[in-house]
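In order, the protein sequence lines correspond to chains S and U.
For what it's worth, our numbering labels the leading residue of the first sequence as 1, then goes sequentially.
For what it's worth, our numbering labels the leading residue of the second sequence as 1, then goes sequentially.
We put the beta carbon where it would ideally sit given N, CA and C, even for glycine.
Beneath this line is the structure, given in structure tokens, with notes to follow.
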Amino acid sequence: MPASGIHPPHFYPDYVSSLKRAPSHPRVSIPQTLSEITGPGFQRHQLKIGADLTAQSGGEPAGQRILLSGRVLDEDGKPVSNTLIEIWQANAAGRYHHAVDQHNAPLDPNFFGKGQLLTDDEGRYQFKTIKPGAYPWLNHPNAWRPAHIHFSLFGPAISTRLVTQMYFPGDPLLPYDPIFNSVRDEAARQRLIARFDWDTTIPEHALGFTFDIVLRGRLETLMENRL
Amino acid sequence: MTASPETDPLLGLAASQTVGPFFQIGFEALYQNDLTVDALKGRLVTIRGQVFDSDKLPVPDAVIEIWQANSFGKYAHPEDQQDKPLDLAFTGFGRCPTDAEGRFGFRTVKPGPVPSSTEIPQAPHINVSIFMRGLLDRLVTRIYFIDEASNRTDEILNLIDPERRPTLLARPIAGESDAYLWNIVLKGRDETVFLDF
Numbered sequence: 001m002p003a004s005g006i007h008p009p010h011f012y013p014d015y016v017s018s019l020k021r022a023p024s025h026p027r028v029s030i031p032q033t034l035s036e037i038t039g040p041g042f043q044r045h046q047l048k049i050g051a052d053l054t055a056q057s058g059g060e061p062a063g064q065r066i067l068l069s070g071r072v073l074d075e076d077g078k079p080v081s082n083t084l085i086e087i088w089q090a091n092a093a094g095r096y097h098h099a100v101d102q103h104n105a106p107l108d109p110n111f112f113g114k115g116q117l118l119t120d121d122e123g124r125y126q127f128k129t130i131k132p133g134a135y136p137w138l139n140h141p142n143a144w145r146p147a148h149i150h151f152s153l154f155g156p157a158i159s160t161r162l163v164t165q166m167y168f169p170g171d172p173l174l175p176y177d178p179i180f181n182s183v184r185d186e187a188a189r190q191r192l193i194a195r196f197d198w199d200t201t202i203p204e205h206a207l208g209f210t211f212d213i214v215l216r217g218r219l220e221t222l223m224e225n226r227l
Numbered sequence: 001m002t003a004s005p006e007t008d009p010l011l012g013l014a015a016s017q018t019v020g021p022f023f024q025i026g027f028e029a030l031y032q033n034d035l036t037v038d039a040l041k042g043r044l045v046t047i048r049g050q051v052f053d054s055d056k057l058p059v060p061d062a063v064i065e066i067w068q069a070n071s072f073g074k075y076a077h078p079e080d081q082q083d084k085p086l087d088l089a090f091t092g093f094g095r096c097p098t099d100a101e102g103r104f105g106f107r108t109v110k111p112g113p114v115p116s117s118t119e120i121p122q123a124p125h126i127n128v129s130i131f132m133r134g135l136l137d138r139l140v141t142r143i144y145f146i147d148e149a150s151n152r153t154d155e156i157l158n159l160i161d162p163e164r165r166p167t168l169l170a171r172p173i174a175g176e177s178d179a180y181l182w183n184i185v186l187k188g189r190d191e192t193v194f195l196d197f
């Protein structure tokens with residue numbers, strides 16, 4: 001399957017916001033040049049937010065503490081080390097710390113819902129946060145987004161840039177969510193769901209979840225384009 | 001179906017999802033619309049534009065990321081092995097959200113030519129990724145400069161229908177030196193050419 005085959009289509013009518021924003025022309029395929037196989041790198045001193053989202057104010061945020069761990073790998077299973085991950089999420093009540101979010105649920109003065117880190121030499125990452133709540137939106141009558149955390153990753157090149165969302169196992173809203181279901185491949189959809197993990201669960205403190213992320217293998221793609 | 005190493009040696013990719021309406025929370029710390037640094041060599045330029053939807057209404061909740069070479073045509077990246085100078089502290093990365101009128105802008109240096117897959121170098125260009133609510137996957141495209149003669153021989157521009165090619169060309173803004181206008185039309189008449197690689 002071509003790398004782009006796993007991704008959702010731009011035009012997906014069940015997701016109403018795509019109607020006026022998804023292009024109508026097919027994309028133009030181009031070879032990967034030096035412009036595509038390079039991309040921004042980030043240094044530790046550029047990071048301004050920590051990886052512990054429960055410690056960004058004087059007090060403890062409300063909600064279920066979770067430890068979110070995983071690895072970033074390429075398609076060949078090689079770790080993607082020293083790459084930037086940015087996350088953002090709603091609080092435990094399902095409210096984002098953002099002026100546009102007018103959902104009638106409480107803001108939490110102790111939770112901003114943002115994190116940054118660089119993966120380690122083995123491609124590992126770990127965030128501590130709280131489990132986000134579901135929240136309503138206006139896509140269709142009585143629409144609710146399942147609990148999710150937004151993930152942004154760069155990888156080694158602009159060809160590997162990815163923004164995705166991580167979901168939680170057993171969420172009853174998943175079958176009804178057009179954004180989750182825009183990923184048409186069943187296995188790829190399941191890969192967006194974190195696993196509950198006893199090994200990283202901290203006794204009397206936080207539940208552990210594991211979420212591994214596979215980015216496009218740049219060299220593999222180069223070879224395909226040369227055929 | 002079980003994956004076997006012979007037929008399916010690759011791990012399953014993570015699928016893209018939309019950034020949604022609240023990306024500012026996660027992206028804001030690395031907003032950077034001025035890429036210029038002290039002692040940066042080359043011609044400094046401003047590129048401004050607006051993002052429009054299929055109704056030609058401005059998109060107030062998009063975020064634009066750019067990636068470019070320096071004025072010598074050298075990327076600040078280990079994969080760029082060219083014997084060309086780097087500008088210290090110039091990263092080549094920019095990120096700018098659109099405002100209430102769908103406007104974005106970058107202050108940067110005009111990039112130099114970079115190698116193509118043929119003998120002829122690529123014309124100066126800036127690589128662009130576009131994210132917003134409503135886009136389940138990012139859109140990628142390029143900014144070229146309309147007053148650049150080497151556009152005629154650019155490998156990538158020549159893959160594009162000549163009628164649609166102008167959507168990738170930034171034009172000088174009258175009465176303002178070193179300023180270019182480059183709009184993004186997501187859908188419909190004058191739709192921007194988006195790329196896949």
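Would you call residue i buried or exposed, if buried means 16 or more other Cβ atoms sit within 10 Å of its Cβ?
{"i": "Ala3 of chain S", "result": "Caution applies to Ala3 of chain S, whose pLDDT of 47 falls short of 50 and renders its modelled position unreliable; the value that the coordinates give is listed next. Its Cβ being crowded by 16 or more others within 10 Å, Ala3 of chain S is buried."}
{"i": "Tyr198 of chain U", "result": "Chain U is shown from 1 up to 197; residue 198 of chain U falls before or after that span and cannot be answered."}
{"i": "Leu67 of chain S", "result": "buried"}
{"i": "Lys74 of chain U", "result": "buried"}
{"i": "Arg226 of chain S", "result": "Confidence is the limiting factor: at Arg226 of chain S the pLDDT is only 41, short of 50, which leaves the residue's position unreliable, though a coordinate-based value still follows. It is exposed - the Cβ of Arg226 of chain S has fewer than 16 other Cβ atoms within 10 Å."}
{"i": "Pro132 of chain S", "result": "buried"}
{"i": "Gly123 of chain S", "result": "buried"}
{"i": "Asn142 of chain S", "result": "exposed"}
{"i": "Glu224 of chain S", "result": "Because Glu224 of chain S carries a pLDDT of 48, less than 50, the predicted location of this residue cannot be relied on, and the following value inherits that uncertainty. Answer is exposed; the Cβ neighbour count stays below 16."}
{"i": "Arg43 of chain U", "result": "exposed"}
{"i": "Leu88 of chain U", "result": "exposed"}
{"i": "Ile64 of chain U", "result": "buried"}
{"i": "Ala3 of chain U", "result": "Annotation note: pLDDT 46 at Ala3 of chain U (below 50); position unreliable, coordinate value reported separately. Ala3 of chain U should be labelled exposed."}
{"i": "His10 of chain S", "result": "buried"}
{"i": "Val100 of chain S", "result": "exposed"}
{"i": "Glu119 of chain U", "result": "exposed"}
{"i": "Thr221 of chain S", "result": "Reliability fails at Thr221 of chain S, whose pLDDT of 48 lies under 50, so the model's placement of it is uncertain and no value is given."}
Report the option in the options whose CA atom is closest to the CA atom of residue i.
{"i": "Arg195 of chain S", "options": "S:Leu207, S:Ile87 and S:Ala99", "result": "S:Leu207"}
{"i": "Ile193 of chain S", "options": "S:Asp199, S:Thr200, S:Phe180 and S:Glu204", "result": "S:Phe180"}
{"i": "Pro40 of chain S", "options": "U:Ser54, U:Asp34 and U:His77", "result": "U:His77"}
{"i": "Phe72 of chain U", "options": "U:Phe194, U:Gly105, U:Gly49 and U:Val109", "result": "U:Val109"}
{"i": "Asp147 of chain U", "options": "U:Arg164, U:Val37 and U:Arg171", "result": "U:Arg171"}
{"i": "Ala55 of chain S", "options": "S:Val28, S:Phe127 and S:Arg191", "result": "S:Phe127"}
{"i": "Asp190 of chain U", "options": "U:Pro162, U:Arg103, U:Trp67 and U:Leu136", "result": "U:Pro162"}
{"i": "Asp199 of chain S", "options": "S:Ser69, S:Thr164 and S:Gln64", "result": "S:Ser69"}
{"i": "Asp185 of chain S", "options": "U:Val128, U:Ala15 and U:Glu119", "result": "U:Ala15"}
{"i": "Phe111 of chain S", "options": "S:Pro141, S:Ser182 and S:Ala90", "result": "S:Ala90"}
{"i": "Asn127 of chain U", "options": "S:Ile37, S:Pro26, S:Arg21 and S:Lys78", "result": "S:Ile37"}
{"i": "Pro178 of chain S", "options": "U:Gly134, U:Ala149 and U:Ile64", "result": "U:Gly134"}
{"i": "Leu215 of chain S", "options": "S:Ser182, S:Gly94, S:Glu204 and S:Ala188", "result": "S:Ala188"}
{"i": "Gln32 of chain S", "options": "U:Leu11, U:Gly49, U:Thr141 and U:Asp53", "result": "U:Thr141"}
{"i": "Tyr125 of chain S", "options": "S:Arg71, S:Gln43, S:His45 and S:Pro61", "result": "S:Arg71"}
{"i": "Val28 of chain S", "options": "U:Gly102, U:Leu181 and U:Leu139", "result": "U:Leu139"}
{"i": "Tyr176 of chain S", "options": "S:Pro136, S:His205, S:Asp212 and S:Arg44", "result": "S:Pro136"}
{"i": "Phe131 of chain U", "options": "U:Ala62, U:Ala100, U:Ala39 and U:Glu28", "result": "U:Ala62"}
Would you mind stating whether residue i and residue j have Cβ atoms separated by less than 7 Å?
{"i": "Asp154 of chain U", "j": "Val45 of chain U", "result": "no"}
{"i": "Glu23 of chain S", "j": "Lys187 of chain U", "result": "In the sequence under discussion, the amino acid at residue 23 of chain S is Pro, which differs from the Glu named in the question. The answer is yes: Cβ separation under 7 Å."}
{"i": "Leu18 of chain U", "j": "Pro60 of chain U", "result": "In the sequence as presented, Leu is not what sits at residue 18 of chain U; that position holds Thr. No, the Cβ-Cβ distance between Thr18 of chain U and Pro60 of chain U is not below 7 Å."}
{"i": "Gly94 of chain U", "j": "Phe106 of chain U", "result": "yes"}
{"i": "Phe154 of chain S", "j": "Leu73 of chain S", "result": "no"}
{"i": "Leu7 of chain S", "j": "Asp196 of chain U", "result": "One detail in the question is off: residue 7 of chain S reads as His in this sequence, not Leu. No, the Cβ-Cβ distance between His7 of chain S and Asp196 of chain U is not below 7 Å."}
{"i": "Val193 of chain U", "j": "Leu159 of chain U", "result": "no"}
{"i": "Pro111 of chain U", "j": "Ala69 of chain U", "result": "yes"}
{"i": "Ile130 of chain S", "j": "Gly59 of chain S", "result": "no"}
{"i": "Gly102 of chain U", "j": "Val185 of chain U", "result": "no"}
{"i": "Gly175 of chain U", "j": "Glu86 of chain S", "result": "no"}
{"i": "Pro115 of chain U", "j": "Pro124 of chain U", "result": "no"}
{"i": "Pro106 of chain S", "j": "Ala92 of chain S", "result": "no"}
{"i": "Gly272 of chain U", "j": "Arg191 of chain S", "result": "The shown model of chain U, from 1 to 197, leaves out residue 272 of chain U, and the question about it has no answer."}
{"i": "Ala147 of chain S", "j": "Asp108 of chain S", "result": "no"}
Examine the ligand MG and report whether any of its heavy atoms sits within less than 6 Å of the Cβ of residue i.
{"i": "Phe106 of chain U", "result": "This structure simply doesn't include the ligand MG, nor any ligand for that matter."}
Does any CB atom of chain B fall closer than 7 Å to the CB of residue i?
{"i": "Phe52 of chain U", "result": "Absent here is chain B; the protein component of the structure consists of chains S and U."}
TODO: Determine contact between the segment 116 to 125 of chain S and the segment 42 to 60 of chain S, defined as no fewer than three beta-carbon pairs at a distance below 8 Å.
DONE: yes
Open item on the list: Using a Cβ distance threshold of 8 Å, determine whether the segment 10 to 23 of chain U contacts the segment 150 to 166 of chain U, with at least three qualifying pairs required.
Closed with: no
- [ ] Taking only beta carbons into account, state which residues of the segment 75 to 87 of chain U come closer than 7 Å to chain S, listed in chain order.
- [x] Tyr75, His77, Glu79 and Asp80
Open item on the list: Using a Cβ-Cβ cutoff of 7 Å, what residues of the segment 169 to 193 of chain S are near chain U? List them in chain order.
Closed with: Ile179, Ser182, Val183, Ala187, Ala188, Arg191 and Leu192
Task: Residues of the segment 9 to 27 of chain U with Cβ closer than 9 Å to any Cβ of chain S, in chain order - done: Pro9, Leu10, Leu11, Gly12, Leu13, Ala14, Ala15, Ser16, Gln17, Thr18, Val19, Gly20, Pro21, Phe22, Phe23, Gln24, Ile25, Gly26 and Phe27
TODO: Please list the residues of the segment 28 to 51 of chain S that have a C-beta atom closer than 9 Å to any C-beta atom in chain U, keeping them in chain order.
DONE: Val28, Ser29, Ile30, Pro31, Gln32, Thr33, Leu34, Ser35, Glu36, Ile37, Thr38, Gly39, Pro40, Gly41, Phe42, Gln46, Leu47, Lys48 and Ile49
Task: Residues, ordered as in the chain, of the segment 121 to 140 of chain U that lie near chain S by beta-carbon distance below 8 Å - done: Gln122, His125, Asn127, Ser129, Phe131, Met132, Arg133, Gly134, Leu135, Leu136, Asp137, Arg138, Leu139 and Val140
- [ ] Give a yes or no on contact between the segment 134 to 152 of chain S and the segment 160 to 171 of chain S, applying the rule of three or more CB pairs nearer than 8 Å.
- [x] yes
Open item on the list: Short of 7 Å Cβ to Cβ, which residues in the segment 145 to 177 of chain U face chain S?
Closed with: Ile156, Leu159 and Ile160
Task: Chain-ordered residues of the segment 86 to 101 of chain U with a beta carbon less than 8 Å from chain S - done: Thr91, Gly92 and Phe93
Open item on the list: Can you pull out the residues from the segment 100 to 115 of chain U whose beta carbon lies closer than 7 Å to at least one beta carbon of chain S?
Closed with: Val114 and Pro115
Task: Residues, ordered as in the chain, of the segment 182 to 196 of chain U that lie near chain S by beta-carbon distance below 8 Å - done: Leu186, Lys187, Gly188, Glu191, Thr192, Val193, Phe194, Leu195 and Asp196
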